[in-house]
Structure formats: structure tokens, C-alpha cells
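Step one of this worksheet: look at the structure below.
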Amino acid sequence: MKVTEDFVINRPYDLTGEDLMAIEEASPVEKDKGDWEKKCLDGFKGRFRRDMLPKQNYRCAYCRLELHTNEVTPEIEHIVPKNLKPNWMYEPFNLCLSCKLCNTKKGHRKKTLVDESVEELPHDAKAYKLIHPHLDKYSENIEFIGDILYRGISDKGRYTIWLCELNRYEVAAARAMELIKQGVIDETRTILMLTDEDNQKLVDDLDEFLEDIKNRIRTYKMENGIG
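Using this note's numbering, read the sequence shown as starting at 213 and increasing by one per residue.
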């Protein structure tokens with residue numbers, strides 16, 4: 213089985229009247245990044261998550277791993293960080309859902325715009341250095357090796373892998389476990405694929421990965437009574 217992510221968000225979230233009132237309450241004069249944490253925005257954030265989850269196939273916009281909503285609340289991610297462009301903080305076109313790790317690794321200091329001096333939110337894919345989930349088809353920028361590892365096939369793809377550190381071994385292990393649980397691949401194939409010389413450079417700390425995946429598989433087998 214070859215995993216191909218044709219993901220792109222086809223339509224941004226539509227702000228409701230309630231959302232607009234909440235935004236006005238949170239930022240009555242000028243928008244400040246600290247306004248994002250105000251309690252009055254909880255309803256807006258909840259509606260945004262409920263709308264975007266199916267649009268993103270319940271997966272993170274960057275690593276495309278499943279967002280387990282019963283375990284942790286998906287992060288509302290500002291594609292262009294709110295500390296850089298607070299005026300775009302509530303713009304649905306600048307928002308998506310991500311897992312906590314990608315949101316943290318991407319951070320707010322790394323560059324996402326080609327020209328950070330622009331004042332209007334760009335709707336042109338060429339204005340962004342990373343894969344923009346509302347503009348760029350994932351599969352045209354990143355391909356999966358062995359359905360587990362990420363390899364950039366465009367400048368945007370390579371930049372997004374660097375930006376969100378998608379080559380960290382925890383991501384590779386999580387992707388491998390998803391496929392093992394689905395019965396798509398087995399432990400032996402996973403380890404052989406990762407120890408291939410051409411693939412080793414696609415994941416940081418191969419030894420940590422191998423130890424991690426072995427421990428995850430061992431735990432999974434014990435929990436499910438698999439010999």
C-alpha cells in the first residue's frame with residue numbers, strides 16, 4: 213500500500229455572528245496576540261475545531277498523523293504566527309488544526325512568509341515558504357517513503373519538513389504504529405526499511421527510532437494479547 217496525501221483544505225471556516233461578537237469583545241481596539249487566550253473566544257474555538265476536523269480528515273495539517281480528539285484537544289494553528297501578524301489572528305484563512313508537537317516545533321520565530329513586510333494576508337501560494345494547507349496540495353510537496361518517512365519533493369515540502377521537524381524519530385514511530393495497527397505493514401518490514409542506507413538520512417536518531425518502535429510494538433502486542 214502506498215500512502216498518498218492529496219490533502220488540501222477546500223474551504224476556510226465561515227465566521228458566525230457569535231464569532232464576530234466574541235472577537236470584538238476579545239479585541240475591541242487593536243488586536244494583540246495575548247487576546248487569543250481570552251475566555252470569550254472559547255465558543256469560536258470550539259466551532260472552528262468542529263468545522264475543520266472533517267475538512268482535514270481528522271489529521272494534523274503538517275505531519276498528517278491522526279488527531280486523537282478523545283486524548284488531547286487539537287491545536288488551532290496560526291500559519292503566519294500571531295506575534296508576527298496579530299491583525300491576521302482571527303482570519304480563518306490563516307488558521308488550521310495541528311497536533312501539539314507540530315505546533316510547538318513550528319513555533320513563532322521561524323519564517324513562514326517570503327516577504328514578512330506585507331500588510332494584507334496573502335492568498336497566493338507563492339507568498340508562503342511552507343506548505344499552506346489552504347493552498348498547496350500535500351502530495352505535490354511531500355512524499356512518504358515506505359509509508360512512514362517524509363521526503364520533500366519541492367522547496368516548500370523540504371522547508372515544511374525542516375520547519376515542523378517531521379524527520380524526528382517520534383513522528384516516524386507514530387506513523388509506523390498507525391500502519392502496524394491497520395495490518396498494512398509488520399515489524400520486520402519497518403525495521404528493514406529504516407535501516408536501508410538511503411533512508412537513514414530521512415530520520416533523526418535512527419537508534420532511538422528502532423528502540424522506540426520496538427517498545428511500542430511490544431506494548432501493543434501485550435495490550436492486545438498478540439503472541
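Every residue gets a Cβ at the ideal spot worked out from N, C-alpha and C, and that includes glycine.
A quick note: this is a predicted structure, and the numbers were derived from the prediction, not measured.
Do you know offhand how far residue i's Cα is from residue j's?
i, j, result
"Arg-321", "Lys-341", "14 Å"
"Lys-245", "Pro-298", "6 Å"
"Ser-351", "Gln-394", "22 Å"
"Asn-353", "Ile-373", "10 Å"
"Asn-427", "Ile-360", "17 Å"
Out of the options, which one is the CA nearest neighbour of residue i?
i, options, result
"Pro-286", "Val-330, Pro-224 and Asn-315", "Asn-315"
"Cys-308", "Glu-332, Glu-331, Cys-275 and Tyr-362", "Cys-275"
"Asp-231", "Lys-257, Val-220, Pro-345 and Trp-248", "Lys-257"
"Pro-334", "Arg-380, Trp-300 and Leu-253", "Trp-300"
"Ala-388", "Arg-363, Ile-429 and Phe-219", "Ile-429"
Any heavy atom of the ligand PLP inside 7 Å of the beta-carbon of residue i?
i, result
"Val-330", "No copy of the ligand PLP appears in this structure; indeed no ligand is present at all."
For residue i, count neighbouring C-beta atoms within 10 Å of its own C-beta (all shown protein chains included) and say buried if the count is 16 or more, exposed if not.
i, result
"Val-292", "buried"
"Asp-247", "buried"
"Ile-365", "exposed"
"Ser-239", "buried"
"Asn-282", "exposed"
Cutting at 6 Å between CB atoms, please list the residues of its own chain near residue i, excluding the five before and the five after it.
i, result
"Glu-289", "Cys-308, Ser-310 and Asn-315"
"Tyr-302", "Ile-235"
"Val-345", "It should be pointed out that residue 345 corresponds to Pro in this sequence rather than to Val. Contacts found: Ile-221, Ala-273 and Cys-308."
"Phe-219", "Tyr-350"
Cutting at 8 Å between CB atoms, please list the residues of its own chain near residue i, excluding the five before and the five after it.
i, result
"Pro-304", "Pro-224, Tyr-225, Asp-226, Leu-227 and Phe-260"
"Leu-279", "Leu-265, Gln-268, Tyr-270, Arg-271, Cys-272, Pro-286, Leu-309 and Cys-311"
"Glu-185", "Residue 185 lies beyond the range of the chain shown here (213 to 439); nothing can be said about it."
"Leu-277", "Arg-271, Cys-311, Val-383, Ala-386, Arg-387 and Glu-390"
"Lys-243", "Pro-298, Asn-299, Met-301 and Tyr-302"
Taking a contact to mean a Cβ-Cβ separation below 8 Å, would you say residue i touches residue j in this structure?
i, j, result
"Cys-376", "Lys-318", "yes"
"Lys-368", "Asp-348", "yes"
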